[in-house]
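**Q** The structure is given below, and queries will be raised subsequently.
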Amino acid sequence: MPTALHQPSVQRVRLTPALMSIAVLLSSTFSIGTLAAPILRCLISQGGTDQILDFKPVADPYLVSSINIRDNFRFKAVVIGDAQSVSYVKLYSYYHSRRQPVLLHQVRYLSPAVEITDKFDALTGTNTVYSPNLEREFQYGCALIEGNP
């Protein structure tokens, strides 16, 4: 069983569409003033529910766990780097099959730049991932931003 050391550094926040615009405004306002460690911030939408997930840089990609998305999908963001820079970002999307998670989508971004933006999809654009059956889908978009000091 994984210990706390093996869990990703993730903060989950569920927002309604009305509160989402306020969260975007506040996150961009507070990150402009000070230089801080980069964070990959992703907006994930599935089945009418939106989640904002933050992923901090790590040194070992094998210690990062995937995140359950409403028992339909799994999402994994591996941010390799340190407090000053990010070497690469790899994103994985999985579908829950009866036996095990099945990889549907994987993408890599080499040496991404930290951006000052209010857009959740500044790095990745908006991606839509479809399950192989049951007509399910989820969308995600991520931006590499300055984190809170």
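Going by the numbering used here, the sequence shown opens with residue 1, and the numbers climb by one from there. Backbone N, C-alpha and C define an ideal beta-carbon position, used for all residues, glycine too. Please read these numbers as outputs of a predicted model, since none were measured by experiment.
With which residues is V107 paired in a DSSP beta bridge?
**A** L91
**Q** Pick out whichever of V129, V114 and Q84 has its Cα sitting closest to the Cα of L123.
**A** V114
**Q** Pull up the DSSP beta-bridge partners for I69, would you.
**A** F73
**Q** Which two residues bound the contiguous beta strand (DSSP E) that contains E115?
**A** Note, E115: premise wrong, no beta strand (DSSP E); not H, not E.
**Q** Can you check which of these residues, C142, Y94 and L63, is closest to D151 by C-alpha distance?
**A** The structure shown does not extend to residue 151, since the chain is modelled only from 1 to 149, so the question has no answer here.
**Q** Within the same chain, show all residues whose beta-carbon is closer than 6 Å to that of L103, passing over the 5 residues directly before and after it, in chain order.
**A** Y94
**Q** What did DSSP end up calling P132 once you bin it into helix, strand or coil?
**A** coil
**Q** Secondary structure at L144, three-state DSSP: helix, strand or coil?
**A** L144 falls in the strand class under three-state DSSP.
**Q** Tell me, please, which residues DSSP counts as bridged to L43.
**A** I52 and G141
**Q** Nearest chain C C-beta to P61 closer than 8 Å, yes or no?
**A** No chain C is part of this structure, which consists of one protein chain only.
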